[in-house]
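Sequence positions in the sequence shown follow mature numbering (1 follows the signal peptide of the UniProt record, and there is no 0) and run -23 to -1, 1 to 328.
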Amino acid sequence: MKNAYLPAFILTLLISALANVSAAPGSETGISPSRSNSNVSNSNVSNSIVMEGESEENGRSGTGAGSGSETPGGPVLEDSQEAREARRVVFAFARAYPDKISETAYRDGDWALRIGDQWFYYADRKMLPSEAREEQERYSRYSFYEYEKELPEIREFTEEQIASMEERVVDRATSGIGRHPGLTDALWNINDAASADAAAKTMYLFGARVNVHRDLMEDLARVESRVRELAAEDPQLRRFINSIVNIDGQFWRSIAGSSNRSNHAYGIAIDIPPARYDRSQVYWRWAREAGLPWYSLPYDQRHMPPMSFVRAFEEEGFIWGGKWFYFDTIHFEYRPEILLYSGWELEKFSP
């Protein structure tokens, strides 16, 4: 890559560091405190909170030489910080889906992964197919963020910060800008309601009937087996799973207040609502509509499943919406790429 590109690239990094962090990828309701931004003061709340997409290295990964041509959004220098981040994202995907992603490479000035005969490029974290790179400004980012092992700290915000967050909620609902669905479509071999219905299978989970993507039935069965084993020695966990009467799974829809397709549409997300809410809050949007301070709502005012229950899902590659800033405590979705990106060592994905 020619040195003439360096000044422009450095300027891009500086501008990017000053800009608000915008929404990215696959979760259902919203925002996660980013560990990488944990030292940012509350005065810069827009930078210290990463919007998710609401509320996903293997031995075969290649390092093929790319052509070195510019991408539509500018070159991603192969030895730059941006390129290292792109490689980290692409390799997290490759390790999470070794049976679906056949190759990774630095090509055409960007890191990319291949599913079947189609390449998907990092493209400023938008994960775009080749044909969409020319119009990448039309799409929002795929959600990649540091998923915490423990419950994130509840934060307090100034009135100005709260007003800014509320403005972002409205902007997201009215912008019409969403993620390109191509990568998720390719991973799960789904592109419309008919193909989603065809991929969905019915199973019983904790005694409740639910439709999920057929590829996740064994994963969920292992979750239940692990939970029931733990429940034999844990009365609180046993009471929780005995209280489950309904689980919502595959349903073709978009995320509320967003232009992004829900992971429920693919059958890779489930909701486990409580039998009784007892005034506890499960979803930031409902808390907001009730006039509650959803952005700082204490955990003891939220519906919270036992953490051993949550951890059983996490160990099989699922993330829990209760750790999101825009919380959704009944929501679990299959996103092993997020866990691997965040440095989790999961037995299922060990070499």
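The C-beta atom is built at its ideal place from N, Cα and C for all residues, glycine as well. Keep in mind the model is a prediction, meaning the values are calculated, not measured.
Proximity of residue i and residue j at Cβ, strictly below 8 Å
| i | j | result |
| --- | --- | --- |
| residue 72 | residue 290 | no |
| residue 386 | residue 95 | With the chain covering only -23 through 328, there is no way to say anything about residue 386. |
| residue 128 | residue 276 | yes |
| residue 170 | residue 263 | no |
| residue 245 | residue 292 | no |
| residue 99 | residue 66 | yes |
| residue 190 | residue 103 | no |
| residue 150 | residue 166 | no |
Neighbour-count burial assignment, residue i, 16 or more Cβ in a 10 Å radius
| i | result |
| --- | --- |
| residue -3 | Low per-residue confidence applies at residue -3: pLDDT is 33, beneath 50, and the placement is therefore not dependable enough to give any value. |
| residue 187 | buried |
| residue -1 | At residue -1, the pLDDT of 34 sits below 50, so the modelled position is not reliable and the matter cannot be decided from this model. |
| residue 313 | buried |
| residue 41 | Since pLDDT at residue 41 reaches only 31, below the 50 mark, its modelled position is unreliable, and the value read off the structure follows with that caveat. Looking at its Cβ environment, which holds fewer than 16 other Cβ atoms inside 10 Å, residue 41 is exposed. |
| residue 278 | exposed |
| residue 202 | exposed |
| residue 74 | buried |
| residue 256 | exposed |
| residue 238 | buried |
| residue 240 | buried |
| residue 254 | exposed |
| residue 268 | exposed |
| residue 131 | exposed |
| residue 118 | buried |
| residue 302 | buried |
Residue range of the unbroken alpha helix (DSSP H) whose run includes residue i
| i | result |
| --- | --- |
| residue 63 | 58 to 73 |
| residue 247 | Counting along the chain, residue 247 falls outside any alpha helix (DSSP H), though it belongs to the beta strand (DSSP E) covering 246 to 248. |
| residue 264 | 261 to 266 |
| residue 217 | 212 to 219 |
| residue 225 | From DSSP, residue 225 is part of no alpha helix (DSSP H); its letter is neither H nor E. |
| residue 100 | No alpha helix (DSSP H) contains residue 100, which DSSP labels as neither H nor E. |
| residue 89 | From DSSP, residue 89 is part of no alpha helix (DSSP H) but of the beta strand (DSSP E) over 87 to 92. |
| residue 291 | 284 to 291 |
Contact set for residue i: own chain, Cβ-Cβ below 8 Å, skip 5 residues either direction
| i | result |
| --- | --- |
| residue 214 | 204, 207, 208, 283, 285 and 286 |
| residue 93 | 79 and 163 |
| residue 324 | 292 |
| residue 97 | 89, 90, 91, 104, 105, 106, 159, 160 and 163 |
Cβ-heavy atom distance, residue i to the ligand COA, below 7 Å
| i | result |
| --- | --- |
| residue 79 | In terms of ligand content, the structure shown is empty, and the ligand COA therefore cannot be addressed. |
N-terminal and C-terminal residue of the beta strand (DSSP E) that residue i is part of
| i | result |
| --- | --- |
| residue 166 | Taken as a continuous stretch (DSSP letters only), residue 166 belongs to no beta strand (DSSP E), as it is neither H nor E. |
| residue 113 | No beta strand (DSSP E) holds residue 113; DSSP gives it neither H nor E. |
| residue 318 | No beta strand (DSSP E) holds residue 318; the alpha helix (DSSP H) holding it covers 313 to 318. |
| residue 151 | No beta strand (DSSP E) holds residue 151; the alpha helix (DSSP H) holding it covers 136 to 151. |
| residue 185 | 185 to 190 |
| residue 196 | Taken as a continuous stretch (DSSP letters only), residue 196 belongs to no beta strand (DSSP E), being part of the alpha helix (DSSP H) at 194 to 208. |
| residue 295 | 295 to 297 |
| residue 180 | 177 to 182 |
| residue 81 | 80 to 84 |
Beta-carbon proximity list for residue i, same chain, < 6 Å, skipping 5 on both sides
| i | result |
| --- | --- |
| residue 88 | 63, 64, 67 and 99 |
| residue 57 | none |
Cut-off 7 Å between Cβ atoms - residues of its own chain near residue i, not counting five sequence neighbours on either side
| i | result |
| --- | --- |
| residue 319 | 123 and 124 |
| residue 247 | 187, 189, 224, 225, 226 and 309 |
| residue 194 | 178 and 180 |
| residue 272 | 134, 139 and 142 |
| residue 281 | 299 and 306 |
| residue 252 | 220 and 222 |
| residue 185 | 221, 222, 223 and 224 |
| residue 274 | 258 and 264 |
| residue 77 | 92 and 164 |
| residue 200 | 289, 290 and 293 |
| residue -9 | With a pLDDT of 37 at residue -9, under the threshold of 50, the modelled position of that residue is not reliable, and no figure is offered here. |
Beta-carbon separation (whole angstroms), residue i vs residue j, contact threshold 8 Å
| i | j | result |
| --- | --- | --- |
| residue 307 | residue 270 | No, residue 307 and residue 270 are not in contact; Cβ-Cβ is about 20 Å, not under 8 Å. |
| residue 60 | residue 317 | Not really, about 19 Å apart at Cβ, beyond 8 Å. |
| residue 173 | residue 243 | 6 Å |
| residue 294 | residue 196 | 7 Å |
| residue 218 | residue 183 | 5 Å |
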